[in-house]
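Residue numbers (our numbering), protein chains in the order written: chain A, 13 to 723; chain B, 188 to 370.
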Amino acid sequence: MGNKFKESIHSAVNNANLTGALGKFSEAYKVNRAKAYEGIDFEELRGKIAELKSYAASHFEELSDQFTQNAEACGAKVFRTNDPAKVREYILKVAQDNNVKTVVKSKSMATEEIHLNQYLEKAGIEVGETDLGEWIIQLAGQTPSHMVMPAIHMTKEEVSDLFSKEVNERLTSDIPRLVKVAREKLRPAFLAADMGISGGNIAVAETGSIVLMTNEGNARLVTSLPKIHIALVGIEKLIEKFADVATILEALPRSATAQLLTSYVSIITGPTPNCDGTMKDLHIILMDNRRSEMAADPKFKQALQCIRCASCLNVCPVFRLVGGHVFGKVYTGGIGTILTAWFDELKKSEDIQGLCIQCGACKDVCPGKIDIPDLIMEIRRRLVLKQGVPLLQKTIYAVVNNRKLFHGMLRAASIAGKPFTSGTFIRHLPLFLADLTDGRSLPAIAEEPFRDRFKKISQPRLKERVVFYAGCLIDFAYPEMGESLIKILNKAGFEVVFPQNQTCCGAPARYNGAYEVAEKNAIDNIKALLSVDAAYVVSACPTCTVALAHEFISTFESVGQTEWLPKARELAGKTADFSTLVKKLVDEGRLALKEGQKLGAITYHDSCHLKRTLKVSQQPRELLQRTGYELTEMFECDTCCGMGGSYSLKLPEISAPILQRKLRNIKDTGAATVAMDCPGCVMQIKGGFDQDGASIKVKHTLELLAEQLDI
Amino acid sequence: MIYEQFKARAEGVSAEVYRFATKKAALDFVIGFLQEEGLADMPQQSALWAECSFLDGVDRDVMRGLAGLKFAVTRKLASEARFGISQMEWALADTGSLAQNSTAIEQRLVSSLPTIHIALVPTSGILPDMPALLSRIHPKECAYLAMITGPSRTADIERVLTIGVHGPERLVIVFVDELGGTV
Chain A
13 MGNKFKESIH SAVNNANLTG ALGKFSEAYK VNRAKAYEGI DFEELRGKIA
63 ELKSYAASHF EELSDQFTQN AEACGAKVFR TNDPAKVREY ILKVAQDNNV
113 KTVVKSKSMA TEEIHLNQYL EKAGIEVGET DLGEWIIQLA GQTPSHMVMP
163 AIHMTKEEVS DLFSKEVNER LTSDIPRLVK VAREKLRPAF LAADMGISGG
213 NIAVAETGSI VLMTNEGNAR LVTSLPKIHI ALVGIEKLIE KFADVATILE
263 ALPRSATAQL LTSYVSIITG PTPNCDGTMK DLHIILMDNR RSEMAADPKF
313 KQALQCIRCA SCLNVCPVFR LVGGHVFGKV YTGGIGTILT AWFDELKKSE
363 DIQGLCIQCG ACKDVCPGKI DIPDLIMEIR RRLVLKQGVP LLQKTIYAVV
413 NNRKLFHGML RAASIAGKPF TSGTFIRHLP LFLADLTDGR SLPAIAEEPF
463 RDRFKKISQP RLKERVVFYA GCLIDFAYPE MGESLIKILN KAGFEVVFPQ
513 NQTCCGAPAR YNGAYEVAEK NAIDNIKALL SVDAAYVVSA CPTCTVALAH
563 EFISTFESVG QTEWLPKARE LAGKTADFST LVKKLVDEGR LALKEGQKLG
613 AITYHDSCHL KRTLKVSQQP RELLQRTGYE LTEMFECDTC CGMGGSYSLK
663 LPEISAPILQ RKLRNIKDTG AATVAMDCPG CVMQIKGGFD QDGASIKVKH
713 TLELLAEQLD I
Chain B
188 MIYEQFKARA EGVSAEVYRF ATKKAALDFV IGFLQEEGLA DMPQQSALWA
238 ECSFLDGVDR DVMRGLAGLK FAVTRKLASE ARFGISQMEW ALADTGSLAQ
288 NSTAIEQRLV SSLPTIHIAL VPTSGILPDM PALLSRIHPK ECAYLAMITG
338 PSRTADIERV LTIGVHGPER LVIVFVDELG GTV
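This is the structure:
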């Protein structure tokens, strides 16, 4: 990551206005969004949207033709181009041919994408943004920090300073008054403008209609008062059928601002009369700018299902800390990272793709059903293919891919780490590594890893067997978790087998785009784990479980590895996460837990991969409650803890505040214990409480259950 | 039932909703409302009433006695008016929205420039939802379909909801049963 980029992150996370406004908004958003979707089957709705948008993306050429024909039949002029420069030239030409002096605009990200304002202003045309947020940032000389709420990063005091200069009057920071000032100041601009420029939320091929949505009413004025109206529409806004407008209108306002519908929706089909009886000069520009190239890419075509609601920004634990400007000048957040890689260039996404912690919160809420985290991983993969892995990382992966060397080094670290270790934690690290222990202690590497301890555990002779995949954290930092797992599964009548040749699951390499490394890890693990005949392969780390159950397969597919694909599928079929397996065994009557005790209050933290990829959230809760824990849910129980594997090492300045928020939410429940199913989350949260000083027990579910086995 | 749903949803977004059985009762209400709100023949106090079927059979001469109420819509008058009155053809119960074929510019001027928009709606024009509306519309015969849900709003400064930016700050919805049966 570049220094400049790191600096922009640093200044963003230390901007209290920004993090305060975004934090408050994101907390309210989740609640309000859920309310807005009450009574609606979101999965069904987004299934419909994904289907109709995906169809459109496969038929851009036909739909553009159809749109053009129908809009022109109604009297609109349609201009189609792939080139942003041609868009700018076209608009300037229309303006000059009509002697246009002033333009009013309603919010349009497509015009931001092609930097239209600066271009027109250079040609001597006055351009006024009329969306309040856009106007604010125009006056401030800034760029939007959010697709739907462009000025969310600014305080009312800053806005009052800007407006005071604009109207030559000292204004207070009273928001209703500031809004009035904007109304009074912009009204004459609307009435005087020679041309209106808008975007388009939807373009309908079968009718040649464009749909515009606003809350302020500015799009109505932009499209009604000036005699010329130009709508700039990206071709990804095309849909085939008029009736499908209803489908998108059902989701867009709910997902964008948790409204049932925006205050104003205008559906424009051809020119309408002007005030003086003449007809409107209506131009619609269908802009490609690499969108059809994107549609031809089997992986990224999906991104064209975006309806630009920005809900992926609103639920992102990273976005709410850093805001939009860290992402760049136009499109921000999760989908913005992807759009920047395409509409700008792949290179520009190099830094910002690293902001994604892969928690999957955005994927859950996307009304276009886009797997945003997966596409960001694909960007990483392509960057690595193009530019290679940085040398330091390369060295690390070379080590990780050599199991003996890797494990040898981890053993050595248990000794080397000693000078900094206090009890079971590393509290401080020297020099540039200090960031890693800022706000969080790291676990000391165990003196004896699980793989060595395992050999000394004597298990009863049992008929059925389970293969245990430990993963690096349990193996080398929390071997006692492995021991608890054996205790539980023995009780259920399974002998636990630990193939010594198992190695890193490859997730760290994969999440950094080094798929070839992940591929090698996957093959090594498949060989090891399928070498034993067993009913299940169980893991107590959700990230590892996801690797075994899903990612070995998708890594092989990405790199074209077909030889090991059937074996990867076989392994996936046998893989289970700890809580799901244990819940099953309890339900089948194979495992008895002590029940109905009074164990006190507990709160549960949902790990990202467990909740959102494996869709497991109730099993551990039910097991803990059955033994007698009283569950008190924390606020945002399924929001990321900030660990994200190596993320917390690369971006500790973002990881740390995410952790602090999690610690606060845990403390607020008053529970004495917090349970979770992921050793990575345990490492993050336990380390956080170690430095914080709170005496809250941080436990993996399996540690708690091992204490409650019925004799 | 469908009316109650509409009313709840529309009031949920700060619209004011009334219902009258007859045109006469509705007219009395509108006139009373204008007078109470300070109707006068001067900029920022005048009212502008766009052509609509509600006005059919209404004796406009009687209303001419109301100083400041005008029927000939121009851009200048609309930009000066405090009240804009128009008839919206449909209402959507599940979102509390109004809809109108606004191809005629006059319809848009009176509903977007004044501070208060009074919308007359036939009670029979209440539809359940957006699909019901779009299935009734042929875009070729409706160059400008306008939907209005509550007054103009913004939350662009510190996410604080504020009413009345570029459009009206009040939306007064008046259902008239007599304009087309009952729901």
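Don't be surprised by glycine CBs; every beta carbon is placed ideally from N, CA and C.
Residue i at chain B interface by Cβ criterion, 8 Å
i, result
"L261/A", "yes"
"R638/A", "no"
"G212/A", "no"
"G335/A", "no"
"C86/A", "yes"
"S323/A", "no"
"R232/A", "yes"
"M161/A", "yes"
"P156/A", "no"
"T284/A", "yes"
"N129/A", "no"
"G208/A", "no"
"V106/A", "no"
Simplified DSSP state of residue i, which is helix, strand or coil
i, result
"L258/B", "According to the sequence shown, residue 258/B is Phe rather than Leu. In this structure, F258/B counts as coil in the three-state DSSP scheme."
"K327/B", "helix"
"Q274/B", "strand"
"V370/B", "Note that V370/B has pLDDT 45, beneath the 50 cutoff, so the model's placement of it is unreliable and no number is given."
"L443/A", "Note that L443/A scores a pLDDT of 44, beneath 50, so its modelled location is shaky and nothing firm can be said."
"R92/A", "strand"
"M159/A", "coil"
"K117/A", "strand"
"A613/A", "strand"
"A234/B", "strand"
Residue i and residue j closer than 8 Å at C-beta
i, j, result
"A547/A", "A584/A", "no"
"I218/A", "A68/A", "Reading off the sequence, residue 218/A comes out as Glu, not Ile. Result no, Cβ atoms of E218/A and A68/A do not sit closer than 8 Å."
"T639/A", "T615/A", "no"
"Y205/B", "I313/B", "no"
"G220/A", "F312/A", "no"
"F202/A", "L233/A", "yes"
"M299/A", "T93/A", "yes"
"T290/B", "C329/B", "yes"
"P338/B", "A202/B", "yes"
Residue i Cβ short of 7 Å to the ligand SAM heavy atom set
i, result
"F462/A", "The ligand SAM is not part of the structure shown, which contains no ligands of any sort."
Short CB-CB distance (under 8 Å) between residue i and chain A
i, result
"E345/B", "yes"
"G271/B", "no"
"Y190/B", "no"
"K194/B", "no"
"T369/B", "With a pLDDT of 43 at T369/B, under the threshold of 50, the modelled position of that residue is not reliable, and the figure given next carries that caveat. T369/B does not count as touching chain A."
"H275/B", "Note on identity: in this sequence residue 275/B is Met, with His being the wrong assignment. Answer no: the Cβ-Cβ gap between M275/B and chain A never drops below 8 Å."
"S311/B", "no"
"R340/B", "yes"
"H353/B", "yes"
Per-residue burial, residue i [other beta carbons within 10 Å of its own, 16 or more giving buried]
i, result
"D246/B", "exposed"
"V116/A", "buried"
"G572/A", "exposed"
"D364/B", "buried"
"G380/A", "buried"
"A40/A", "exposed"
"V90/A", "buried"
"A135/A", "exposed"
"H325/B", "exposed"
"D722/A", "exposed"
"R323/B", "exposed"
"Q108/A", "exposed"
"M159/A", "buried"
Touching by the beta-carbon criterion (3+ pairs, under 8 Å), the stretch 331-349 of chain A and the stretch 24-39 of chain A: Here the stretch 331-349 of chain A makes contact with the stretch 24-39 of chain A; the two share three or more CB pairs at distances below 8 Å.
Inter-stretch contact at 8 Å, needing at least 3 Cβ pairs: the stretch 335-353 of chain B / the stretch 224-240 of chain B: no
contact_flag[the stretch 273-280 of chain A, the stretch 326-335 of chain B] where n(CB pairs < 8 Å) is 3 or more: yes
Cβ contact (3+ pairs, closer than 8 Å) linking the stretch 49-68 of chain A and the stretch 181-200 of chain A: Verdict: no, contact absent.
At least 3 beta-carbon pairs within less than 8 Å: the stretch 287-306 of chain A vs the stretch 366-380 of chain A: no
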